[in-house]
Every structure is written in structure tokens, then in C-alpha cells.
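All remarks here apply to the structure that follows.
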Amino acid sequence: MSSLHASESSLATDVVHFEGPGRGAVRVLRPRRAAPADAVRPTRAEVNLAHLRHNLRVIERALAEGTTSKPPAVWGVLKADAYGHGAAAVARTLERAGIPGLCVALLEEAVELRDAGIRIPILVMGGYYGPRREGLEEVLARDLVPVVYDAGQIERISSLARFEGDGRPVRVHLKVDTGMGRLGVPLSELDQVLDVLASRPEIRLDGLMTHLACADSDEIEPTVEQLRLFEQAERRVRARGFSPRFRHAANSAGMIRLPSARLDAVRPGIALFGVSPVRGLSSELKPVIRIRTETVALRSVAAGEAIGYGHTWRASRPSVIATVPMGYADGLDRQLSNRGHALVRGRRAPIAGTVSMDLTMIDVTDIPGARIGDEVVFLGAQEGPLGRDVITANEIAEQTGTIPWEVMTSISRRVPRFYREP
Ligand SMILES: Cc1ncc(COP(=O)(O)O)c(C=O)c1O
């Protein structure tokens, strides 16, 4: 019997019931983010919070196994609406599961989490606080941890803290660029930035971080070199009398592959959501999101007939085509036209024709018993009368020439998220 997790009750205005294949009735929450009209459509993302907690435990266990001393802290990366899973619900679940900290890219994302009642430390990794003082005021008022990477940011934060702070130093993390070439103090400028930090008692250097560019590639050398440069940077920082409590570098791939990258804290994003970017842990992690809808129309198509925009699919035999209310505006990549698959009754059915904005056709000729109202899964597992199969984010990414991160973050806000506690 499924149950509603009390921790998510504030997300919901109501509880609804639906039939899960092979699982009996499942209670789910009515989503708050969706307009009522959207919730009528059977297209939705089911977010399995038990799998999220499971993935956190898998990561914690792997980190504990890799060391005899205190394992690194896990700071979950919840940027981009928690990789499309819904940041508030994900953060609440992880906080209650005991995660010690979270990371986001944007100040706006951190504010959203504080508004949702999240109390644990939140690191704002993007380091952009806007041209006006309001941005930094939010950082102080919301007790966020700003990442800084240039002298100007440090000066602005310290003057604000001097005039408007509560007397306690503002804790910041300094990002150094060891080879990503995106954000971070170049090592050649580290001393100047440390000079500025040293002259600002309102600021405490609490963390030192970098970001790995190639942790998921076959070649390990660039990552090893980044870690070497990071260690060098740390020595320079300590030599100047700073003692940051947290050194952190590892995303999911770095954390899984390289014990030497784990340091004091790790910053996994995609692994928490059940996708391993490298081989390790992949069999233990469980995907958290599942995208499902139902067929709304069924038609017989004679051999030689074409369907969809541009008539890109033509029946080579008498066929049965089902229409599904999900399209590229929901995040179903148009490149899946005539290439991708969906699961129906536990078996794969090919996408037939061009994916359109709101609707997609699938060829169910080889799905015996197909009828209107069948569940259709575009991402995740399905069990049905014809078997069990799964479509992974990695599979979609391969078919569309992208990466699983983009597959997840492309599920649009038109697809309501339903949070579920099996
Ligand atoms: C600075 C930083 N740290 C950590 C992560 C988490 O990465 P992943 O999802 O690969 O674990 C990201 C995401 O790209 C990031 O930008």
C-alpha cells in the first residue's frame, strides 16, 4: 500500500489516486506548480522521493567505504529546479534525510529554497549577485553562502557587511580556476585576491573550491592535473594564514571515480537523481523521475499512408498509430522524431513521424491489445502485460546527441510534477 509522506504535505492542496501498472492504486500529491488545466492532461512527471533518499544513502555509503577518517560531506546540487525534479520538494526530502548542505547556481534558486523553509547551508555557486546591492542584501538576509571569484565581489560584500551586517563575519567560498576556464580566480591572480581578503575582517574564507572539467571523460590526466593545481592553490592560501574549513572539487563523476577528489565535501547533482555519468555506482543508483502519459487516440493506417507534419513517416504495412499528448513543448526532443521510443503495455513502441508541439504519434502495431488510455512512458521503467522495459536518460541523450543532464532539465514546466512515496 502506498502512503503519503507527511513531509510533502505542504506541497499539496490535495491528494489524488491513480493506477500504477502492476502496483495497484498509488497515492500522489496534486502538484502546486501546474495550472489546473494542465493537471487534467494525463502527462506528468512522477518524482520518486524514496529513490532520491536511496541515492543519497548509496553515495554516503560509497564515501564512507573509501576512507578510514571522516567521510566528506555531501552537498546536493539542486540547480535548475533540482535538475527538473522540483527544487522545493527535493530539498525538503534531502534535508529531512540529513544532508548537511545544498548548492545552487543562482541566487534566485537559493531564495526559492529559503522561501520553501529550507534551513541548511546553501552555497550559491554561480557567484552572480547582480549590479545592485539588493542581491547581496538577500545573501545576508537569507543566510546564504556566497561563492566569490574576484576582488570586486569581496569588496562589495565586506562593505555591505560592515554597514548592515550583524557583526558576524560573512562566510564565503573562494572559487579558483584550475582548468575549467569558466569561473574562478586564475591562479596567476590568486595573491591579489588573497590580499583583498586579508584586508577585510568582515569576510571569513570558509571554503575553497574548484570545478572539474573532464571528470567523466575516459582520460583521467586532466582531472589529476586540476587536483594538483588545486592542492597548490590550497597551500598558498594556508601559507597566507587562511584556514578554510571546506575544500571541495568533485561533481558526481569526480566523486565516484577519484577518492583523491573527495576532500572535505562533494557536490553531486546527477548521481542524486539516479544517473551515474561513469561506470561506478550505476547499478546501485535508482532513477528518480519517470515521465508518463496516456494514449488519447488510436487509428488504423493503410500501407502507403503518411502521418504527421511533413509526412516524414509512411506506413510500410497496415498499421495502428496511437496519439499521445506530449510534444516538444513538454521537453520531448524533436530529434526523437522517427527515432525514439515509448513504452506501452511493457513493450517498446517506436515514435512515428515528427514530434509536434503538444502531440506525438507512436506505432503500436506490434503492441497486442493496445487501446485508448494505455499508459505511455517516455522516460523511466514500465511493467505491463507484455513485459518490462526501461528508457533511460542516457538512451535519450544518445539518440538526440546530448547529455542526460540536458534531458532532465528540458522537461518543461508544463509537465506537472507528482511527488510519490511508494
Ligand atoms: C560547480 C558545479 N559543481 C557540481 C555540479 C554537479 O555536477 P553533476 O551533476 O555532474 O554531479 C555542477 C553541475 O554542473 C556544477 O556546476
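Under this note's numbering, read the sequence shown as residues 653 to 1074, first letter to last. Idealized CB from N, CA, C, for every residue including glycine.
Burial state of residue i, where buried means 16 or more other Cβ atoms lie within 10 Å
i: residue 963; result: exposed
i: residue 944; result: buried
i: residue 688; result: Confidence in residue 688 is poor, its pLDDT being 47 and thus under 50, which makes the residue's placement too unreliable to answer from.
i: residue 1070; result: buried
i: residue 1009; result: exposed
i: residue 1073; result: buried
i: residue 1017; result: buried
i: residue 1007; result: buried
i: residue 851; result: exposed
i: residue 744; result: buried
i: residue 985; result: buried
i: residue 816; result: exposed
i: residue 996; result: buried
i: residue 675; result: The predicted position of residue 675 is uncertain, since its pLDDT is 45 and thus under 50; a value taken from the coordinates is nonetheless stated next. Exposed, by the Cβ-count rule.
i: residue 1039; result: exposed
i: residue 721; result: exposed
C-beta contact flag for residue i and residue j at 8 Å
i: residue 1041; j: residue 1000; result: yes
i: residue 774; j: residue 796; result: yes
i: residue 941; j: residue 923; result: no
i: residue 835; j: residue 827; result: yes
i: residue 983; j: residue 904; result: no
i: residue 894; j: residue 842; result: no
i: residue 1035; j: residue 998; result: yes
i: residue 954; j: residue 970; result: yes
i: residue 845; j: residue 802; result: yes
i: residue 790; j: residue 763; result: yes
i: residue 742; j: residue 704; result: yes
i: residue 765; j: residue 732; result: no
i: residue 776; j: residue 921; result: no
Span of the alpha helix (DSSP H) around residue i
i: residue 766; result: 759 to 767
i: residue 862; result: From DSSP, residue 862 is part of no alpha helix (DSSP H); its letter is neither H nor E.
i: residue 987; result: Run containing residue 987: none; DSSP gives neither H nor E here.
i: residue 847; result: 842 to 850
i: residue 754; result: Run containing residue 754: none in the alpha helix (DSSP H); it sits in the beta strand (DSSP E), 753 to 756.
i: residue 732; result: 731 to 736
i: residue 908; result: 904 to 909
i: residue 945; result: Unbroken run through residue 945 is the beta strand (DSSP E), 941 to 946; no alpha helix (DSSP H).
i: residue 882; result: 873 to 891
i: residue 746; result: 739 to 748
Terminal residues of the beta strand (DSSP E) in which residue i lies
i: residue 994; result: 993 to 996
i: residue 611; result: Because the chain in this structure spans residues 653 to 1074, residue 611 falls outside the shown range and cannot be described.
i: residue 1043; result: 1039 to 1043
i: residue 1015; result: 1012 to 1015
i: residue 810; result: That residue, residue 810, is in no beta strand (DSSP E); its alpha helix (DSSP H) goes 803 to 816.
i: residue 973; result: 971 to 976
i: residue 927; result: That residue, residue 927, is in no beta strand (DSSP E); it is neither H nor E in DSSP.
i: residue 1027; result: 1027 to 1036
Identity of the residue in the options nearest residue i by Cα
i: residue 949; options: 936, 911, 1013; result: 1013
i: residue 711; options: 810, 986, 807, 936; result: 936
i: residue 818; options: 793, 1034, 804; result: 793
i: residue 782; options: 804, 767, 955; result: 804
i: residue 899; options: 885, 954, 983; result: 885
i: residue 1002; options: 981, 1051, 957; result: 1051
i: residue 977; options: 1066, 1032, 709; result: 1066
i: residue 961; options: 780, 1044, 1005, 811; result: 1005
i: residue 1032; options: 994, 1021, 1011, 956; result: 994
i: residue 933; options: 878, 706, 888; result: 706
i: residue 980; options: 1011, 958, 967, 951; result: 1011
i: residue 814; options: 914, 854, 736; result: 854
i: residue 881; options: 860, 868, 870, 806; result: 860
i: residue 708; options: 821, 919, 1045, 829; result: 919
Minimum Cβ-Cβ distance from residue i to chain C less than 8 Å
i: residue 973; result: No chain C appears in the structure shown, which is made up of a single protein chain.
Practice task
Could you tell me whether the stretch 1011 to 1026 touches the stretch 1044 to 1063, using the rule of 3 or more Cβ pairs below 8 Å?
Solution key: The stretch 1011 to 1026 makes no contact with the stretch 1044 to 1063: fewer than 3 CB pairs, one atom from each, lie closer than 8 Å.
Practice task
Count the C-beta pairs between the stretch 697 to 712 and the stretch 861 to 877 that are closer than 8 Å, then say yes if the count reaches three, no if not.
Solution key: No, because fewer than three Cβ pairs between the stretch 697 to 712 and the stretch 861 to 877 fall closer than 8 Å, the two stretches do not touch.
Problem - Segment contact flag, the stretch 712 to 731 with the stretch 751 to 760, C-beta cutoff 8 Å, min 3 pairs - result: The stretch 751 to 760 and the stretch 712 to 731 touch, with three or more beta-carbon pairs separated by less than 8 Å.
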